[in-house]
Amino acid sequence: MTDFFANIAPIAFEGADSTNPLAFRHYNPDEVVMGKRMEDHLRFAIAYWHSFAWEGGDPFGGQTFERPWHPQDQMATAKIKADAAFEMFDILGQPYFCWHDADIRPEGDSFAESLKNFEAVIDYFGEKMSSRDVKLLWGTANMFSHRRWMSGASTNPDPDVFAYSAATVKTCMDATLKLGGENYVLWGGREGYETLLNTDMGRELDHMGRFLNMVVDYKHKIGFTGTILVEPKPQEPSKHQYDYDAATCFGFLQKYGLENEVKLNLEQGHAILAGHSFEHEIATATALGVLGSIDMNRNDYQSGWDTDQFPNNVPEVALAYYHILRDGGFSTGGTNFDAKLRRQSLDAEDLIAAHVGGMDICARGLKAAAAMIEDGGLDAALSERYAGWDTDAGKAMLNTDLDTLFNQVHSGSIAPAPKSGRQEILENYVNRFV
Ligand code: 3MF
Ligand code: MG
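Take the position in the sequence shown, starting the count at 1, then add 326; the result is the number in my numbering.
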């Protein structure tokens, strides 16, 4: 037991009129939305990475937070960190959490010592999970912080780092399986380059494709039935990352024969960095059949950095869940908060309030998305806009050739008549629900 959250009671649903800052006003886990409990739709996860491992630093200044689990380079404090994390899970009642290996264990002096530390913490998690409902959404390896990864993990010019990456991912997949994790994530922050002057891009892409095939082979070998997820991001920390966005990732998966084995973990902030909206990335993944899970943390539209803020924009969140629900909702995936406090938000209460607010915004977005689907206005507008393709003439156009279409157009039997896209009317429609 720690006393970090000592004065904070478990968060309850109090309804939309509540003025209690530490209550849910929209997230009511048992409320049924489109035939399913809200908790089962949203599948919230808390990320160890930002909520417990990050210490409040930015490029201009170091640690601002003082936590009972600092300094984080010892096994004793790793356990205190785990105690505090599970205390927060008890307070928030979210169904999942997730980690990088480096978030949860101190780095050792050797691979074997790091692994020993990691396995001890995984066992400690296992004990804590056995007396609670909280589950593991995904595990992942941090292959971007330590200096060994500075030139990449699987794309490193040094084959020894490729081997070290393989060994690291094996241990993280083993731990994910041991804790009953439902997905395994790979995010390639250093899988990219700073300058093409020293980079053989074709070779690096082939190595990354081979590496991901080894990951998939290992998944089958150990009987891991969860989903392997790749998380796109265009840049930061690398100047250019190979997993740029959803479409780029799909092309990569296809080239290396993995499009039926690997899905995507999409993050709102990464979508913004790539010059897309979150719903663009989700709609791309659903169109290509590779939507896996989401990181629901937004970027600041002015700073241009990956600021990883908790969500607070209902219309944006509603449109994201609209596309997720239209795809049938999550299967193994969920809504992870890969989000951090602002570095001036020092208190335990800030950490709880941030998650409460994020969960509530998502619940409002989900309800708005479900209401739009149940009303059917956007679907009806789509059906009307594409109605021509449901006619016999429309269907025939996809099964003919340029000459035939030329003759029809040239003879005047086909003559396009532009119709309104009705964008403002549809934006006003969405506004009724958010
Ligand atoms: C970076 C991220 C990553 C991933 C993930 C797996 C370090 O911008 O979003 O966080 O979400 O946690 O490494
Ligand atoms: Mg992320």
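C-beta atoms are modelled at their ideal positions from N, C-alpha and C, and glycine is treated no differently.
Please read all numbers here as calculations on a predicted model, not as lab measurements.
Alpha carbon of residue i to alpha carbon of residue j, nearest angstrom
| i | j | result |
| --- | --- | --- |
| Asp626 | Thr717 | 45 Å |
| Leu503 | Phe732 | 58 Å |
| Leu505 | Thr551 | 13 Å |
| Gly388 | Lys745 | 57 Å |
| Met540 | Glu750 | 49 Å |
| Phe706 | Tyr755 | The question names Phe, but residue 706 in the sequence shown is Ala. Roughly 12 Å separates the two Cα atoms. |
| His367 | Lys693 | 10 Å |
| Leu752 | Phe656 | 26 Å |
| Glu700 | Gly361 | 11 Å |
| Arg711 | Lys721 | 15 Å |
| Asn468 | Val760 | 37 Å |
| Ala679 | Gly630 | 25 Å |
| Trp395 | Arg431 | 12 Å |
| Glu340 | Asp676 | 19 Å |
| Ala613 | Arg690 | 25 Å |
| Glu453 | Leu599 | 39 Å |
| Phe714 | Gly702 | One point to set straight first is that residue 714 is Gly, not Phe, in the sequence displayed. Roughly 20 Å separates the two Cα atoms. |
| Phe636 | Leu708 | 32 Å |
| Asp384 | Thr633 | 10 Å |
| His352 | Trp475 | 42 Å |
| Ala697 | Leu667 | 31 Å |
Residue burial classification, residue i (beta-carbon count within 10 angstroms, cutoff 16)
| i | result |
| --- | --- |
| Gly478 | buried |
| Leu579 | buried |
| Val495 | buried |
| Leu728 | exposed |
| Asp761 | Nothing about residue 761 can be read from this structure; the chain reaches only from 327 to 760. |
| Thr726 | exposed |
| Pro558 | buried |
| Lys545 | buried |
| Ala611 | buried |
| Ser739 | exposed |
| Thr730 | exposed |
| Gly595 | buried |
| Met414 | buried |
| Val447 | buried |
6 Å Cβ shell around residue i - same chain, five flanking residues per side excluded
| i | result |
| --- | --- |
| Ala332 | none |
| Glu433 | Ser440 |
| Phe378 | Lys407, Ala411 |
| Thr497 | Leu441 |
| Thr403 | Trp395 |
| Ala371 | Tyr422, Phe423, Cys424, Leu463, Gly660, Asn662 |
| Ala674 | Phe330, Phe331 |
Close beta carbons around residue i, own chain, < 8 Å, minus the five adjacent residues each side
| i | result |
| --- | --- |
| Val616 | Ala572, Cys575, Phe576, Leu579, Glu585, Val588, Lys589, Leu590 |
| Ile548 | Met499, Asp500, Leu503 |
| Leu555 | Trp464, Asn509, Tyr510, Val511, Leu512, Val588, Lys589, Leu590, Asn591, Gly618, Ser619, Gly659 |
| Arg363 | Pro355, Asp356, Glu357 |
Cut-off 7 Å between Cβ atoms - residues of its own chain near residue i, not counting five sequence neighbours on either side
| i | result |
| --- | --- |
| Tyr582 | Gly535, Leu538, Asn539 |
| Phe391 | Glu381, Gly382, Leu672 |
| Pro485 | none |
| Thr328 | Pro394, Ile406, Asp409, Ala410, Glu413 |
Closer than 8 Å to chain C by CB, residue i
| i | result |
| --- | --- |
| Ser436 | As a matter of chain content, chain C is missing from the structure shown, which is built from one protein chain. |
Runs of alpha helix (DSSP H) wholly within the stretch 520-604 (minimum 4 residues, chain order): At a cut-off of 4 residues, the continuous stretches assigned as alpha helix (DSSP H) that sit fully inside the stretch 520-604 are 527-548, 572-581, 594-599.
Start-end ranges of the alpha helix (DSSP H) lying completely within the stretch 449-526, minimum 4 residues: For the stretch 449-526, whole alpha helix (DSSP H) runs of length 4 or above, ordered along the chain, are 485-504.
Touch test, the stretch 335-342 against the stretch 408-428, Cβ-Cβ under 8 Å, three pairs minimum: Yes: the two stretches touch, three or more of their Cβ pairs being nearer than 8 Å.
Cβ contact check for the stretch 509-524 and the stretch 465-485: 3 or more pairs under 8 Å: Three or more Cβ pairs closer than 8 Å define a contact, and the stretch 509-524 meets that threshold against the stretch 465-485.
Contact the stretch 643-663 vs the stretch 679-691: 3+ CB pairs below 8 Å: The stretch 643-663 vs the stretch 679-691: in contact.
Segments of 4+ residues assigned as alpha helix (DSSP H) that fall wholly inside the stretch 387-457: The stretch 387-457 contains, as complete alpha helix (DSSP H) runs of 4+ residues, the segments 401-418, 427-430, 437-456 (chain order).
Those runs of the alpha helix (DSSP H) which lie wholly inside the stretch 655-707 and span at least 4 residues: If one requires a minimum length of 4 residues, the alpha helix (DSSP H) runs lying completely within the stretch 655-707 are 674-701, in chain order.
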